[in-house]
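And the structure:
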């Protein structure tokens, strides 16, 4: 584990965890939110362990918007 990440966790910041379609639906219920697009992706972060190229970070993205008024889905 990179030292900066270890320090963050030691300071009380929650460690990274999985996030996907299930978590998206829990945070943005489909009855109230329309998901326009979502899926896995790779972010490129500043290296924490080497001085090489950017580090790939497995990620998930979502583009959501509130459902139109009166169109609450169940």
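Numbering (the working numbering), first residue to last: 6 to 79. Even for Gly, the Cβ is constructed at its ideal location relative to N, Cα and C. Small disclaimer: the values here were computed from a predicted structure and weren't measured.
- Spanning the alpha carbons of residue 71 and residue 45 requires a straight line of approximately 22 Å.
- The residues 65, in chain order, have a CB closer than 7 Å to that of residue 24 in the same chain once the five nearest residues on each side in sequence are set aside.
- By a beta-carbon distance limit of 8 Å, residue 39 contacts residue 69. Their separation comes to about 7 Å.
- Cβ-Cβ distances below 7 Å link residue 48 to 62, 64 in the same chain, with the five nearest sequence neighbours on each side left out; the list follows chain order.
- In the three-state scheme derived from DSSP, where H, G and I count as helix and E and B as strand, residue 14 is classed as helix.
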